[in-house]
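The block underneath contains the structure these notes are about, expressed in structure tokens.
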Amino acid sequence: GEKDTPKDEL
Amino acid sequence: MNIFRLAGDLFHLISIFILIHKMTTSKSCSGISFKSQALYLLVYVTRYLDLFWTFALYNSTMKIIFIGSSAYVLHLMTGPFKPTHDPNIDTFKVRYLIGGAAILALLFPYKWTPAEVLWTFSIWLESVAILPQLFMVQRTGAAETITTHYIFALGAYRALYIPNWIYRYLTSTFWDPLSIIAGVIQTVLYSDFFYIYYTKVLQGRKFELP
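Each protein sequence line maps, in turn, to chains A and B. Quick note on the numbering used here: the first sequence kicks off at 3 and runs consecutively. Quick note on the numbering used here: the second sequence kicks off at 3 and runs consecutively.
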């Protein structure tokens with residue numbers, strides 16, 4: 003899966 | 003967004019409401035660990051720096067609420083309710099928690115940029131930030147029922163992120179191993195508390211450690 007996290011979680 | 007993460011964030015808000023409600027109605031912060039509350043402010047400040055360069059209504063609103071409420075709690079504990087705060091039972095050595103999180107953040111961030119390293123630090127710190135609070139309950143051997151509801155809601159918030167991560171992995175191959183590992187550790191740290199909470203508080207009895 004994608005490792006780069008878009009930081010869309012709190 | 004999915005129902006699990008929404009429920010988790012709701013539990014997070016509920017935990018903050020319970021805490022502030024308890025402190026303002028009882029005019030006391032007895033049984034609450036100042037160290038854990040200070041760690042939470044550090045967690046939010048280091049994680050939500052992206053408030054300055056990204057905007058999403060839901061996320062930005064929640065980030066401001068979390069930072070503002072944790073600062074307000076610290077204000078209450080160092081200001082009006084300071085007389086009810088007993089530092090002698092809040093003795094967990096947070097330097098090891100901060101140090102450990104900092105080392106992990108420097109060793110294994112997704113990228114070696116300041117924002118990513120601080121975010122990683124925040125993720126690891128949050129996973130252990132409840133330890134001073136749990137340690138304080140352990141030492142006193144009991145806790146006010148309202149305090150156990152606070153700790154339960156706080157634990158439930160990140161526990162609900164686990165099905166959220168499973169759901170996101172299955173539906174969109176979204177994958178954030180750092181958050182998942184730290185989130186699982188965080189939830190496991192609550193497990194004995196959850197057990198006592200379930201067997202005692204939910205049966206209407208006082209929260210007392212065996």
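For glycine and all other residues, C-beta sits at the position ideal for the given N, C-alpha and C.
For residue 121 (chain B), the neighbours in chain A by C-beta distance under 8 Å run, in chain order, 9. When DSSP states are grouped into helix, strand and coil, residue 131 (chain B) belongs to the coil group.
Beyond the five residues adjoining it in sequence on each side, residue 64 (chain B) comes within less than 7 Å, by CB distance, of 11 in the same chain, given in chain order. Distance between residue 100 (chain B) and residue 94 (chain B), taken at the CA atoms: about 12 Å.
The criterion of a C-beta distance shorter than 8 Å is satisfied by residue 124 (chain B) and residue 48 (chain B).
Look at the stretch 60–78 of chain B: the residues with a C-beta under 8 Å from a C-beta of chain A are 61, 64, 65, 68. Bounds of any alpha helix (DSSP H) do not take in residue 112 (chain B), whose DSSP letter is neither H nor E. With contact defined as three or more Cβ pairs closer than 8 Å, the stretch 103–111 of chain B and the stretch 66–78 of chain B are not in contact. Take residue 197 (chain B), set aside five residues on each side of it, and no residue of its chain has a beta-carbon closer than 8 Å to its own. Looking at the backbone, the Cα of residue 208 (chain B) and that of residue 200 (chain B) are separated by about 11 Å. In the DSSP annotation of this structure, the continuous segment of the alpha helix (DSSP H) that includes residue 25 (chain B) starts and ends at 5–28.
For residue 181 (chain B), at least one C-beta of chain A is nearer than 8 Å to its own C-beta. In this structure residue 17 (chain B) does not touch residue 162 (chain B) by the C-beta definition: roughly 12 Å separates them, more than the 8 Å allowed. Residue 160 (chain B) has a beta carbon lying at 8 Å or more from every beta carbon in chain A. Counting of Cβ neighbours within 10 angstroms places residue 50 (chain B) among the buried residues, the total reaching 16 or more. Under the 10 Å beta carbon count, residue 55 (chain B) is surrounded by fewer than 16 other beta carbons and is classified as exposed. Sequence-distant partners of residue 106 (chain B) (beyond 5 residues in either direction) whose C-beta falls short of 6 Å from its own C-beta, in its chain, are 126. Annotation: the continuous alpha helix (DSSP H) that includes residue 194 (chain B) extends over 193–201. When rounded, the separation of the alpha-carbon atoms in residue 165 (chain B) and residue 15 (chain B) is 19 Å. Interface criterion met: the Cβ of residue 11 (chain B) is under 8 Å from a Cβ in chain A.
Within chain A, no residue has its CB atom less than 7 Å from the CB of residue 92 (chain B), the nearest being about 26 Å off. Note on geometry: alpha-carbon atoms of residue 134 (chain B) and residue 38 (chain B) lie some 6 Å from one another.
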